[in-house]
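*Asks:* Going by this note's numbering, the first residue of the sequence shown is number 4, and it counts up by one from there. Virtual Cβ for every residue (Gly too), placed ideally from N, Cα, C. Below you'll find the structure I mean.
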Amino acid sequence: MKLTLAFDVYGTLINTSGVYQALREMTGEQASLLMDTWRNKQLEYSFRRGLMKSYIDFSQVTRQALLFSCKTLQIELSGEQQEALMQEYTRLPAFPDVPEALRALKADGHRLYAFSNGSKKAVDTLLNQADILPFFDGTVSIEDVAVFKPSPEVYAYFNQKTNSEKAATWLISGNTFDVIGALSFGMKAAWLKRSAESVFDPWDIEPTVVINSIADLPAVFRSLPDPIKSTGNKFKGN
């Protein structure tokens, strides 16, 4: 059976560490700490706004997280530098394993969608800059429901928007909160564990499969004779 695949964007298809070089030029040895603090605060702000029902565009969340991180680490960036970093977020690179894997999944007949907290315009621009936009059947942004992942409203909206059934929908994400959100809603989910040090949240909820690379996905789906009924599988990548 052909599947509907919902690909998280930031941190899954797109390498958010792509801002490192620009940060290094601006902040020197503080670049790595600033990058990690910025990303973590970006996610925290989206969670908080989701709980508060206080939606703003994800780019504003990202900017506010940057400002907080700079204040916390006592790093002074000019307005011009801040704007340059925000622009970096529009041209982050895809991970090297992504293009060929998407091509193979498309050839196998699956429907591929980008599924993101970012606005459709921002995500499409980013995927186009990374040369992977043509692989997708569409982009589903949470901006129409005005709440961030992992709210169940977001996953329900994805199925509505793509005219798909949750039992035949797979989320692919490197973010554990996203995987748990999709599984709790009733989708299948592949957790992308790019780093051996990554830990899955001990919530008594397990990913449907664990992969080490997007390149593992075609083999995963080809190995499942009945993807709808398949649960609890562990796939070890290369």
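Please report how far the alpha carbon of S35 lies from the alpha carbon of S72, in whole angstroms.
*Replies:* Roughly 12 Å between the two C-alpha positions.
*Asks:* On the DSSP letters alone, give me the boundaries of the alpha helix (DSSP H) that F61 sits inside.
*Replies:* Where F61 is concerned, the enclosing alpha helix (DSSP H) stretches over F61 to L76.
*Asks:* Mapping DSSP to helix, strand and coil, what is K237?
*Replies:* Residue placement at K237 cannot be trusted, given a pLDDT of 48 that sits under 50; what the coordinates show is reported in the next sentence. K237: coil per DSSP, three-state reduction.
*Asks:* Quick check on S226: buried or exposed, where buried means 16 or more other Cβ atoms within 10 Å of its Cβ?
*Replies:* Exposed.
*Asks:* Report buried or exposed for P230, applying the criterion of at least 16 other Cβ atoms within 10 angstroms of its Cβ.
*Replies:* Bear in mind that a pLDDT of 42 at P230, under 50, signals an unreliable position, so the number given afterwards is only what the model happens to contain. The residue in question, P230, is buried, as its Cβ has 16 or more Cβ neighbours within 10 Å.
*Asks:* Taking the straight line between their C-alpha atoms, what separation do you get for T142 and Q33?
*Replies:* Cα to Cα, T142 sits roughly 35 Å from Q33.
*Asks:* Using 10 angstroms around the beta-carbon of G31, count the other beta-carbons present and answer buried if the total reaches 16, otherwise exposed.
*Replies:* Exposed, by the Cβ-count rule.
*Asks:* So, with DSSP's three-state summary, where would you put T211?
*Replies:* The answer is coil: DSSP assigns T211 none of H, G, I, E or B.
*Asks:* How should K191 be labelled, buried or exposed, when 16 other C-beta atoms within 10 angstroms of its C-beta is the threshold for buried?
*Replies:* By the 10 Å Cβ count, K191 comes out buried.
*Asks:* From G14 to L174, what distance separates their C-alpha atoms?
*Replies:* Rounded to whole angstroms, G14 to L174 spans 14 Å at the Cα level.
*Asks:* Between which two residues does the beta strand (DSSP E) holding Y116 run?
*Replies:* It spans R114 to S119 - the beta strand (DSSP E) in which Y116 sits, taken as one unbroken run.
*Asks:* Whose CA, out of T40, A199 and V157, lies closest to the CA of L186?
*Replies:* Per the Cα distances, V157.
*Asks:* List the endpoints of the continuous alpha helix (DSSP H) containing W173.
*Replies:* W173 -> not in any alpha helix (DSSP H); beta strand (DSSP E) instead, spanning T172 to S176.
*Asks:* Measuring CB atoms only, is the stretch 142-156 touching the stretch 49-60, in the sense that at least three cross pairs come out at less than 8 Å?
*Replies:* Because the criterion of three Cβ pairs below 8 Å is met, the stretch 142-156 and the stretch 49-60 touch.
*Asks:* Should A193 go down as buried or exposed, given a rule of 16 or more other Cβ atoms within 10 Å for buried?
*Replies:* Classification of A193: buried, given that the 10 Å Cβ count is 16 or more.
*Asks:* Would you check if there are 3 or more beta carbon pairs closer than 8 Å linking the stretch 5-13 to the stretch 165-174?
*Replies:* Contact holds: three or more Cβ-Cβ distances are below 8 Å.
*Asks:* Give the range of the beta strand (DSSP E) segment to which G21 is assigned.
*Replies:* Run containing G21: none; DSSP gives neither H nor E here.
*Asks:* How close, in whole Å, do the beta carbons of I17 and L129 come, if the pair is a contact with beta carbons under 8 Å?
*Replies:* Confirmed, Cβ separation roughly 6 Å.
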